[in-house]
Each structure stands twice: as structure tokens, then as C-alpha cells.
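*Asks:* The opening residue of the sequence shown carries number 66 in the working numbering; numbering runs sequentially from there.
We put the CB at the ideal spot given by N, CA and C, even for glycine.
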Amino acid sequence: MLEMKNVDAYYGNIQALHDVTLTIGQGEIITLIGANGAGKSTTLMAICGVVPIQGGEILFEGKPINGMRPDEIVSLGVSQAPEGRLIFPDLTVTENLDMGAFQRTDKAEIKRDMEHIFELFPILAERRRQPGGTLSGGEQQMLATSRALMARPRILLLDEPSMGLAPMVIKQIFEVISRINQEDRTTIFLVEQNANIALQVAHRGYVMENGRITMTNTGANLLEDEAVKTAYLGI
Ligand code: ATP
């Protein structure tokens with residue numbers, strides 16, 4: 066569904082991505098793990114068209130998307146829930162969700178999708194009239210993920226959904242990620258520092274170090290890999 070081929074990206078003179086090649090198949094959950102500053106967020110921003118690439122290409126369903134505007138990429142069905150949540154603090158939960166669907170015109174379906182989200186995250190239903198900025202960190206993360214889902218993406222890109230959250234909330238969010246993948250058949254590309262939980266839900270994973278992909282395997286095999294255990298799982 067999505068392919069990065071030999072992608073290079075820079076911030077000024079600093080090369081952040083080196084020859085990055087990865088594939089994400091229809092219906093898969095793929096995770097990209099790596100330390101702080103490895104280049105994970107840059108990879109997502111390159112896919113979304115926010116960071117331009119200088120070498121290689123990015124294909125969505127076989128067609129190049131590098132060079133397209135971010136809104137054009139969203140309209141193809143690529144939707145991102147960014148790191149740090151970035152919800153609209155002064156808009157209510159419902160209004161934030163409506164913003165996720167701004168490119169859609171199918172009003173009845175939008176309403177149905179919102180009900181589906183309230184079923185996935187009952188706490189958001191309780192808080193539907195509350196401004197986003199008054200939600201807890203975990204609730205804001207749920208809202209950011211839900212807002213991205215309101216675009217009805219073909220592929221959902223998630224940047225560190227576990228960041229700063231309590232273990233119970235992380236567990237809940239990852240259960241929903243698995244459910245969205247299994248029940249709605251949404252393809253998911255998940256960037257995470259919490260390698261343990263990310264590799265548990267992912268079909269396959271990639272390890273990134275200093276802007277380079279250094280390892281790839283199934284989630285289960287990476288969890289058993291000695292180098293991964295030492296570097297990312299603290300075992
Ligand atoms: P984290 O887990 O800490 O978010 P990351 O793996 O997502 O890290 P990136 O944010 O992609 O890493 O950063 C990759 C490299 O690019 C880092 O060395 C970072 O300092 C650098 N970088 C990121 N954004 C910019 C920017 N706007 N200008 C210059 N350098 C940047």
C-alpha cells in the first residue's frame with residue numbers, strides 16, 4: 066500500500082534520513098521503533114509531505130506522492146495523528162472530531178463514525194461538550210487518534226501514541242489500535258519509542274538508528290532478538 070524507496074531527507078545541512086526503504090502492506094500494522102532523534106517523526110512527516118525528500122521516492126498504491134501537498138496526500142486516504150497530540154484546545158471534543166472529517170461530505174456516515182468512536186472511547190462520549198484543552202493527557206491522545214480516524218483513512222499514521230501516558234491508558238489505546246486494524250481493516254503505521262507494546266501489536270517492525278533502517282522482521286521475532294532486547298526493551 067505504501068512504500069518508501071531509498072529516501073533521503075535533510076534539515077538544512079543535516080541529513081535526517083539515509084536511504085530509508087520500507088513497505089507497508091494493505092491491512093498490516095507496521096511499527097517503526099528507535100531511540101530519541103533516530104528519525105521516526107521525520108519519516109512520518111516525509112510521508113505526509115511536510116518534510117520534503119531529496120532522494121528516493123514514496124509510493125502510495127504504486128503512485129509517487131513525494132512532491133504532493135499535504136492536503137492532497139490526506140485526500141488520498143493518508144491520515145496522521147501527530148506526536149504531542151495537537152488537538153484544538155478551545156474546540157469541544159465533538160468539534161475536534163468534526164475537524165477530522167473536514168474533507169468529507171457524507172454527513173450521515175460522519176455521524177455514524179462519530180458514534181463508532183464514542184463506542185471505542187466511551188470517555189470521549191462523556192466529555193463530548195468539553196473543550197479539548199481541558200482533557201487529560203490520555204484523553205487528548207484518544208481524541209487525536211480519533212480525529213485522524215474521522216478522515217476515514219486508508220492508512221493511519223500514529224506518532225508515539227503512548228508518549229507520557231500511564232500504563233493502563235497505553236494498554237487501552239493499543240487495544241483500540243488493534244481493533245481498528247482488525248474490525249475496520251485500516252492499515253496502520255505506528256512510530257513508537259515504547260518498543261515493547263508496539264512490537265506486540267505489530268505484524269512487522271523496522272528498527273531505525275541515526276536515520277537508517279538497521280533491522281526488520283516480524284514483531285514477534287524482533288521481541289525475541291537479543292540486540293533489540295538490549296537496546297530497546299531494557300532486558
Ligand atoms: P523522538 O522520538 O525524540 O521524537 P525521532 O526519532 O522522531 O525522535 P526526529 O524528530 O525525526 O526523530 O529527528 C531526527 C533528527 O532530525 C534529529 O537529529 C533531530 O534533531 C533532527 N531534526 C528534527 N527536526 C528538525 C528541524 N526542524 N530542524 C533541524 N533538525 C531537526
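1. I need the boundaries of the beta strand (DSSP E) containing Asp290, first residue and last residue.
2. Whole angstroms is fine: what's the gap from Asn71's alpha carbon to Glu160's?
3. Using a 10 Å radius around the Cβ and a threshold of 16 neighbouring Cβ atoms, would you call Glu257 buried or exposed?
4. Can you tell me whether DSSP reads Ala146 as helix, strand or coil?
5. By DSSP, does Met280 sit in helix, in strand, or in coil?
6. First and last residue of the beta strand (DSSP E) that includes Glu274?
7. Once you ignore the five residues that flank Ala267 on each side, which residues in its own chain have a CB closer than 7 Å to its CB?
8. Smallest Cα separation from Phe153: which of Gln205, Phe167, Val115, Leu230?
9. Figure out for me which residue from Val272, Ile182, Arg194 has the closest Cα to the Cα of Ile245.
10. Note the first and the last residue of the continuous alpha helix (DSSP H) segment covering Lys105.
*Replies:* Concretely, from the data shown:
1. Taking the first residue of the sequence shown as 1, we reach residue 290 at position 225. Premise fails: Asp290 is in no beta strand (DSSP E) and is neither H nor E.
2. Within the sequence shown, numbered from 1, the residue matching residue 71 stands at position 6. Within the sequence shown, numbered from 1, the residue matching residue 160 stands at position 95. Near 39 Å, if we compare the C-alpha coordinates of Glu160 and Asn71.
3. The sequence position of residue 257 within the sequence shown is 192, counting from 1. Classification of Glu257: buried, given that the 10 Å Cβ count is 16 or more.
4. Numbered from 1 along the sequence shown, position 81 holds the residue referred to as residue 146. Three-state result, Ala146: strand.
5. As a first step, residue 280 must be located in the sequence shown, where it is residue number 215. If DSSP states are grouped into helix, strand and coil, Met280 belongs with the strands.
6. Residue numbering aside, residue 274 sits at position 209 when the sequence shown is read from its first letter. Residues 269–274.
7. As a first step, residue 267 is located in the sequence shown; it is residue number 202 there, counting from the start. Cβ within range, chain order: Ile94, Ile95, Thr96, Leu255, Gly284.
8. By 1-based counting over the sequence shown, the position of residue 153 is 88. When only C-alpha atoms are compared, the closest one is Gln205.
9. The residue labelled residue 245 in the question sits at position 180 within the sequence shown. With distances taken between Cα atoms, Ile245 lies closest to Ile182.
10. Along the sequence shown, read from residue 1 onward, the residue named residue 105 stands at position 40. That run of the alpha helix (DSSP H) goes 105–113.
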